[in-house]
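Counting from 1 along the sequence shown, just add 18 to a position and that's the residue number in our numbering. Using N, Cα and C, we set each Cβ at its ideal position, and we do this for glycine too. This report concerns only the one structure given below.
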Amino acid sequence: AMELNPFDWVYFVSFVVVGTFVVVNLFIAVVINNLDRAKEEALKELQPPVSREELLQELRATQDSLRRLETRISDIGQEVDDQKRESS
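Below is the structure:
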């Protein structure tokens with residue numbers, strides 16, 4: 019027959035605590051692993067252009083866009099000035 023020992027609960031409580039600790043650590047490991055992967059992907063997207071030619075192409079495209087924008091602003095300014103002269 020089984021004898022009841024007053025300290026039997028220590029085994030079961032420690033088993034539950036250790037089991038819970040292992041499960042929580044596994045969960046945290048999965049979450050951190052996924053966060054690291056997401057961070058690596060985000061850093062890959064933010065990397066600058068690799069070659070000098072690509073950088074120059076981007077710079078030229080930006081300069082062209084800026085010139086077009088300046089032309090549009092100048093045209094709008096001239097139209098506003100013309101309308102003011104006509105209304106005066």
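For residue 105, the enclosing alpha helix (DSSP H) has its first and last residue at 70–105. Within the same chain, no residue comes within 7 angstroms of residue 92 by CB-CB distance, once the 5 residues on both sides are set aside. Secondary structure note for residue 63: its alpha helix (DSSP H) is the uninterrupted segment 26–64. Shown here for residue 85: not one same chain residue has a beta carbon closer than 6 angstroms to its own, the five before and five after excluded.
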